[in-house]
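First comes the structure, then the notes that go with it.
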């Protein structure tokens with residue numbers, strides 16, 4: 003009797019995929035993936051038996067059309083634990099048992115947990131597998147190079163992480179082989195990527211252009227930027243490790259960190275670079291910088307605004323198809339992604355999120371604006387980074403102007419190395435602003451002061467405050483007034499920023515009220531900046547928009563205490579501001595020094611000591627150490643970096659947007675418009691969306707089943723963006739970049 007893994011429409015079974023072929027293919031793919039971290043034979047074994055349950059008569063009848071519900075994942079798990087016992091066998095059993103439904107809990111929860119699965123009796127007879135395959139042997143030689151805990155402190159974490167990585171190899175292999183059989187047109191678009199050497203050759207052209215510009219405009223700032231770049235290129239020859247890159251705002255860290263990453267990848271034979279960015283509002287800009295410098299075909303941009311719908315694959319261009327497929331497993335050489343995507347994947351239990359993990363091995367990971375790592379999950383995030391470094395040949399760089407004081411949260415044998423030779427001296431060379439603390443200022447006072455200045459940027463903490471200040475200033479003057487917030491779609495913000503940059507360059511009046519979105523990844527240069535009280539890291543970023551090019555001896559940065567609506571009640575914002583006030587008292591006008599920044603983060607982490615692993619992720623893992631009974635499902639459910647799920651709304655901002663919306667409405671393949679409409683999207687909370695629907699501003703149904711669309715154009719203001727419905731009132735002012 004022939005046993006099959008997958009079917010086609012042909013009833014004669016002549017082109018059905020034989021089960022033995024599928025198992026061999028998955029085993030070989032899995033082995034190749036796991037060879038990167040010394041576990042090739044273990045992955046081969048798991049791949050070879052992952053579908054053992056398909057050797058049952060019941061499953062084969064299901065393929066023929068009978069309505070059987072067949073558990074085909076438990077069989078291989080039972081055989082592996084029986085053959086290899088509680089250590090190796092249980093590790094492999096997790097992988098096989100969870101290859102469809104997700105990594106299960108060990109011994110907690112319902113009958114989905116691993117021990118219940120291993121004791122399960124009511125599964126169909128699958129003994130026919132013995133006629134076609136043998137469960138591979140694993141000996142001491144096969145496991146001598148697998149990842150091992152570096153010390154007793156990390157024992158449980160290392161072992162649980164290894165299970166995740168092995169799982170990633172097998173589920174990605176299973177997806178890939180199934181796709182190759184079921185959808186060959188998709189499969190052939192995978193792979194065939196440029197290597198890092200070729201990418202760096204193109205990048206050198208960009209670096210040469212930067213050097214030429216610096217020579218033609220040899221300001222002290224440009225000279226220092228070139229020195230930073232050169233330091234990073236020299237440091238790229240260092241071995242695999244954990245590094246920090248402390249560069250003042252405006253120091254050119256985007257290009258310098260990428261230069262380090264590419265050169266380091268070549269030197270250490272790494273496969274890819276993963277650039278992790280905290281905000282979706284700036285990832286698009288950074289991704290475009292990398293596409294321009296490295297080539298559009300080598301950069302994958304993957305974040306929540308860039309998820310593709312599953313429909314209409316055939317209507318996309320080949321480049322879009324390749325991009326969509328690569329979001330599944332990160333098999334491109336340059337990845338730009340968000341901290342949410344990166345860290346949630348490492349603590350997920352679902353195959354769809356975990357299949358990319360094995361491609362993080364043997365890479366360079368750059369964490370841009372590293373001080374923004376999620377505070378509630380900081381300890382487990384740091385431990386994951388350390389595990390990647392110690393056992394998966396990953397180099398990690400924490401890149402920021404405000405380096406967080408993380409040493410005490412790392413395992414005892416880990417000590418990051420700074421790339422910049424003398425960060426304190428470098429910071430002094432970039433000192434180009436004077437800070438003054440103004441104390442309490444009401445909106446009228448701030449508006450009055452801003453109208454007295456020709457070129458000034460005011461950064462506040464909430465959309466509401468930005469809107470109020472903008473309206474007060476427009477009551478006083480109408481010349482050169484601009485508003486920026488995430489209520490404006492990217493195309494709108496880009497247009498406004500272009501106008502701002504032109505007016506600044508031409509020395510025309512330019513007064514800007516912005517939320518925090520302008521603080522990272524936006525190159526503007528104002529002589530005066532006002533900053534509503536916030537954390538030191540935010541104030542430092544704001545200062546980076548003042549006298550950025552060093553054309554004045556010193557720019558002016560004024561920090562003020564806002565009215566109540568200017569300080570969010572939600573989150574830790576008030577506490578961060580309180581810590582900043584204590585730093586102001588201790589350091590006065592020197593609050594941007596590295597010493598002050600270090601003191602700020604030490605105080606912050608001390609205050610939040612009990613919340614740095616607020617969901618007890620590390621404790622949950624530690625409790626499973628004895629018998630390898632880790633609560634993978636519970637950990638995934640508890641590891642959520644964003645509590646509030648945002649809704650994407652498309653706005654008819656210009657004629658192109660209106661055309662795209664019209665075409666999407668009438669198209670059989672609305673998914674093909676996803677990328678084009680991204681620049682017209684605004685992210686809002688669910689309660690805001692519901693109120694806008696009720697007010698008639700937004701249609702009651704998603705267009706094409708994909709997007710909410712603004713129907714009443716009066717709800718989108720060309721000065722401040724998407725308006726709230728009159729009856730929308732958030733329970734607390736929300737913080738939104």
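Residue numbers (our numbering): 3 to 739.
Glycine included, C-beta positions come from ideal geometry on N, C-alpha and C.
Keep in mind it's a predicted model, so treat the numbers as computed, not measured.
Residue closest to residue i, alpha-carbon to alpha-carbon, out of the options
i           : options            : result
residue 94  : 239, 29, 154, 403  : 29
residue 570 : 406, 594, 465, 473 : 465
residue 342 : 384, 305, 559      : 305
residue 557 : 649, 544, 321, 361 : 544
residue 261 : 440, 280, 380, 205 : 205
residue 268 : 63, 219, 201       : 201
residue 524 : 254, 183, 140      : 254
residue 302 : 327, 322, 336      : 336
residue 382 : 568, 624, 555      : 624
residue 553 : 529, 286, 568      : 529
residue 727 : 697, 704, 709, 711 : 697
residue 128 : 60, 98, 673, 340   : 60
residue 373 : 92, 538, 587       : 538
residue 639 : 351, 75, 588       : 351
residue 590 : 703, 599, 439, 564 : 439
residue 713 : 450, 664, 74       : 664
residue 617 : 84, 368, 378       : 378
residue 643 : 652, 621, 614      : 614
residue 14  : 55, 42, 654, 66    : 66
Buried or exposed (CB count within 10 angstroms, at least 16 for buried), residue i
i           : result
residue 225 : exposed
residue 402 : buried
residue 324 : buried
residue 717 : buried
residue 210 : exposed
residue 215 : exposed
residue 597 : exposed
residue 611 : exposed
residue 566 : exposed
residue 409 : exposed
residue 233 : buried
residue 731 : Low confidence applies to residue 731: its pLDDT is 48, below 50, so where it sits in the model is not reliable, and the reading given next is rough at best. Under this definition residue 731 is an exposed residue.
residue 679 : buried
residue 729 : Residue placement at residue 729 is flagged as unreliable, the pLDDT there being 43, under the threshold of 50; the coordinate-derived value follows with that caveat. By the 10 Å Cβ count, residue 729 comes out exposed.
residue 626 : buried
residue 735 : Because residue 735 sits at a pLDDT of 43, beneath the cut-off of 50, its placement in the model cannot be relied upon, and the following sentence gives the value as read from the coordinates. Looking at its Cβ environment, which holds 16 or more other Cβ atoms inside 10 Å, residue 735 is buried.
residue 384 : buried
Beta carbon of residue i nearer than 8 Å to that of residue j
i           : j           : result
residue 706 : residue 666 : yes
residue 482 : residue 510 : yes
residue 8   : residue 174 : no
residue 422 : residue 542 : no
residue 577 : residue 609 : yes
residue 777 : residue 145 : Any property of residue 777 remains undetermined from this structure, which presents the chain solely from 3 to 739.
residue 514 : residue 560 : no
residue 452 : residue 475 : yes
residue 550 : residue 531 : no
residue 468 : residue 540 : no
residue 418 : residue 245 : yes
residue 522 : residue 281 : yes
residue 460 : residue 448 : yes
residue 140 : residue 86  : yes
Whole-Å CB distance - residue i paired with residue j, under 8 Å assumed
i           : j           : result
residue 349 : residue 376 : With 8 Å as the limit, residue 349 and residue 376 do not qualify as a contact, their Cβ atoms being about 11 Å apart.
residue 199 : residue 272 : Actually they do not touch by this definition, with Cβ atoms about 11 Å apart.
residue 388 : residue 413 : 6 Å
residue 362 : residue 276 : 6 Å
residue 96  : residue 165 : 5 Å
residue 606 : residue 585 : With a Cβ gap of about 10 Å, residue 606 and residue 585 do not count as contacting.
residue 398 : residue 391 : 6 Å
residue 47  : residue 106 : No, residue 47 and residue 106 are not in contact; Cβ-Cβ is about 19 Å, not under 8 Å.
residue 519 : residue 488 : 6 Å
residue 252 : residue 39  : About 39 Å separates the two Cβ atoms, so there is no contact after all.
residue 98  : residue 24  : Not quite, the Cβ-Cβ distance comes to about 14 Å (not below 8 Å), so this is no contact.
residue 70  : residue 81  : Contact doesn't hold; Cβ gap of about 21 Å is too wide.
In DSSP terms, what residue i is bridged to
i           : result
residue 92  : Paired residues: none, contrary to the question.
residue 274 : 365
residue 18  : DSSP, once it has assigned bridges, lists no residue as partnering residue 18.
residue 337 : 276, 302
residue 8   : 19
Distance cut-off 7 Å: residue i Cβ against heavy atoms of the ligand PLP
i           : result
residue 446 : The ligand PLP is absent from the structure shown, which contains no ligand whatsoever.
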